[in-house]
Amino acid sequence: MPAWFDAFAEAVAADEQWYLTCGACGEGTLPPRTVCPDCGATDLSREPLDDRGTVVSFTEISVTVPKFHGETPYTVALVAFDAGVTLTGQLRDATAEDVAIGDRVALGVERREGETPVLTFRPA
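Residue 64 in UniProt numbering sits at position 64 of the sequence shown; the count goes up by one each step and never skips.
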């Protein structure tokens with residue numbers, strides 16, 4: 001995984017999550033990256049991000065990569081934050097039948113020994 005992902009996952013785990021704002025065009029972006037996806041500028045700064053967001057879309061995953069093989073089916077949600085940025089993560093403590101567009105969820109991170117962290121959401 002890129003270094004920016006590890007830094008973001010560490011910030012989420014410490015409840016110090018952030019998003020990036022472009023100094024050239026003012027757009028916010030998640031997941032973090034090295035250039036603005038809107039204008040291509042590299043003048044990006046970190047801004048605090050609330051850990052709560054709203055589900056804007058979701059889907060149930062039945063066939064997956066080996067890393068999540070024993071966990072299917074699981075639900076992935078696209079969540080919009082008040083800052084105007086969106087992020088995708090796995091929904092925990094709820095199934096696709098339990099979630100609805102408009103539900104509030106809290107951002108978290110799960111770490112497994114020797115594996116890449118997984119961004120998660122739980123009902124808020």
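Ideal Cβ positions, reconstructed from N, Cα and C, are used throughout, including at glycine.
Predicted model only: the values in this text are computed from it and were never measured.
Using the Cα positions of residue i and residue j, report the straight-line distance between them to the nearest angstrom.
i	j	result
Ala13	Ala77	19 Å
Phe8	Pro32	7 Å
Ala24	Val63	41 Å
Ala96	Asp103	12 Å
Pro73	Ala94	11 Å
Phe121	Val85	15 Å
Glu27	Thr42	12 Å
Give the single residue among the options whose Cα lies nearest to the Cα of residue i.
i	options	result
Ala124	Arg92, Arg111 and Pro117	Arg92
Gly89	Thr59, Glu10 and Glu27	Thr59
Phe108	Gly114, Val65, Leu119 and Gly40	Before going on, a small fix: residue 108 reads as Gly here, not Phe. Nearest option by C-alpha distance: Leu119.
Glu110	Glu10, Pro2 and Ile101	Glu10
Glu115	Ala106, Lys67, Arg122 and Ala41	Lys67
Asp98	Ala106, Thr75 and Cys22	Thr75
Tyr106	Pro37, Leu87 and Gly70	Reading the sequence as shown, one finds Ala at residue 106 and not Tyr. Ranking the options by Cα distance to Ala106, first place goes to Leu87.
Closer than 6 Å to a non-hydrogen atom of the ligand HEM - does that hold for the CB of residue i?
i	result
Cys39	The ligand HEM is not among the ligands present in this structure, which contains no ligands whatsoever.
In terms of residues, what are the limits of the beta strand (DSSP E) holding residue i?
i	result
Thr120	Val118 to Pro123
Enumerate, from N- to C-terminal direction, the unbroken beta strand (DSSP E) stretches of 3 or more residues contained entirely within the UniProt domain "ChsH2 C-terminal OB-fold" (48-107).
-> Annotation note: the UniProt domain "ChsH2 C-terminal OB-fold" (48-107) contains the following uninterrupted beta strand (DSSP E) runs of length 3 or greater, listed N- to C-terminal: 52-61, 74-81 and 86-91.
Is the number of C-beta pairs between the stretch 40-48 and the stretch 6-19 that are closer than 8 Å three or more?
-> yes
Assess, as a yes-or-no matter, whether the stretch 79-90 is touched by the stretch 51-60 under the definition of 3 or more beta carbon pairs within less than 8 Å.
-> yes
Starting from the N-terminal side, write out each stretch of the beta strand (DSSP E) that is 3 residues or longer and does not extend beyond the stretch 2-28.
-> Runs of the beta strand (DSSP E) inside the stretch 2-28: 18-22.
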